[in-house]
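A.B. asks: Take any residue in the sequence shown, count from 1 to its spot, add 234: that is its number in the numbering used here.
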Amino acid sequence: MARMTISGYGQVELNNVAFRRDGRIEAQCALDTTDFANVPAENGMILRVKKADHKICFADASAANQLYALNYSTEHIYDERTPGLKNFKLEAKNDFLPRVGYLAAGDLWTTNCIDLGSYASASAVASALATGTVYAAVGTQGAVVLGSSAPSVGPVIQVIKKTTMPDGQDAFQLQVLKV
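Spelled out as C-alpha cells, the structure:
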C-alpha cells in the first residue's frame, strides 16, 4: 500500500454531500495529539469522531460502531509565498479545530488523499475502472485505501472515476454506497 503521489497535502472538493445541507457536521473536536503527533490532518481524509472525548482520530480497524467523517476543513494561507489548497494541513498543535462531515449513503466528493492499495498507479486504477468496480475502504492513516472488493468494516465507498483537482493533480471521485 502506498499513497498516491501528489504535490503538497490532500485536497477535497465536495460534489454532492448531504452533511452540508442537514447539519451533520462536527467542528468542536480537536485532533488527537497521539494520532496526529507526527502526521498532519489533510483534507479528504476520512477520520473517526470520538465525541465523548472531544477528539478526531484515525479509524481503528479492530473497533466496531465507529462514526466516520470526511475532513473538509477551511483552508488557511500560512505563508503568502505558498498559496494554494495543496499547501494546507492541520496539526494537533494548532489552535484550529478540524471541520468534518458525517458520511451518508449517496455522498459524492473528489479527492487526491488516496492510498492506491494494491494498484501500482492512478492509471492502473483508471484501467481497473474501465473493466470493473473499484472500492475504497477507510484507512488507518486517514487516506482511503483502494481495492477490488467492498470493505467488510466501515462504509462501502465506490470509486466513480479518475479526474483531477483544480490545480491539475490526479484525483478520484468517490461515492458512499453504504454507511
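Even glycine gets a Cβ: it sits at the ideal position worked out from N, Cα and C.
(1) Just the Cα atoms here: how many angstroms apart are Ala358 and Gln245?
(2) Kindly indicate which three-state DSSP category Asp313 falls into: helix, strand or coil?
(3) Decide if Ala326 is buried, meaning its Cβ has at least 16 other Cβ atoms within 10 Å, or exposed.
(4) For Ala405 and Val390, what's the separation of their Cα atoms in angstroms?
(5) So, do the stretch 381-389 and the stretch 356-372 have three or more beta carbon pairs nearer to each other than 8 angstroms?
(6) Could you say if the stretch 295-310 and the stretch 332-341 meet the contact criterion of at least three C-beta pairs nearer than 8 angstroms?
(7) Taking the runs of the alpha helix (DSSP H) that are 4 residues or longer, which of them lie wholly in the stretch 318-383?
(8) Label Asn272 either buried or exposed according to how many other C-beta atoms from any shown protein chain fall within 10 Å of its C-beta, with 16 as the threshold for buried.
(9) Taking just the CA atoms, how far does Glu260 sit from Lys474?
(10) CB Ala297 to CB Val410, shorter than 7 angstroms?
(11) Going by the CB atoms, is the gap between Met238 and Leu350 shorter than 7 angstroms?
(12) Under 8 angstroms by Cβ, that's how I've got Gly242 and Lys320 pegged, so tell me the actual separation to the nearest angstrom.
(13) Below 8 angstroms on the Cβ atoms is my contact criterion, and I expect Tyr306 with Leu248 to pass it. Report the Cβ-Cβ distance as a whole number of Å.
(14) Using the Cα positions of Asp341 and Asp256, report the straight-line distance between them to the nearest angstrom.
C.D. replies: On the basis of the coordinates in this document:
(1) Position 124 of the sequence shown, counting from 1, holds the residue named residue 358. Position 11 of the sequence shown, counting from 1, holds the residue named residue 245. Spanning the two alpha carbons is a distance of roughly 21 angstroms.
(2) In the sequence shown, the residue the question calls residue 313 occupies position 79. Asp313: coil per DSSP, three-state reduction.
(3) Stepping through the sequence shown from its first residue, residue 326 is reached at position 92. Label assigned to Ala326: buried.
(4) Locating residue 405 in the sequence shown gives position 171, where the first residue counts as 1. Locating residue 390 in the sequence shown gives position 156, where the first residue counts as 1. Between Ala405 and Val390, the C-alpha separation is close to 19 angstroms.
(5) yes
(6) yes
(7) 356-365
(8) Sequence index remark: in the sequence shown, residue 272 carries index 38 (1-based). With fewer than 16 other Cβ atoms within 10 Å, it is exposed.
(9) As displayed, the chain neither begins before 235 nor continues past 413, which places residue 474 out of reach and without an answer.
(10) By one-based count along the sequence shown, residue 297 stands at place 63. By one-based count along the sequence shown, residue 410 stands at place 176. Contact: no.
(11) For the purposes of this step, residue 350 is identified with residue 116 of the sequence shown, where counting begins at 1. For the purposes of this step, residue 238 is identified with residue 4 of the sequence shown, where counting begins at 1. The answer is yes: Cβ separation under 7 angstroms.
(12) The residue given as residue 242 occupies position 8 in the sequence shown. The residue given as residue 320 occupies position 86 in the sequence shown. Going by Cβ atoms, the distance from Gly242 to Lys320 rounds to 3 angstroms, so yes, they are a contact pair.
(13) The sequence position of residue 306 within the sequence shown is 72, counting from 1. The sequence position of residue 248 within the sequence shown is 14, counting from 1. With 8 angstroms as the limit, Tyr306 and Leu248 qualify as a contact, their Cβ atoms being about 6 angstroms apart.
(14) Along the sequence shown, read from residue 1 onward, the residue named residue 341 stands at position 107. Along the sequence shown, read from residue 1 onward, the residue named residue 256 stands at position 22. Answer to the nearest angstrom: the Cα atoms are 12 angstroms apart.
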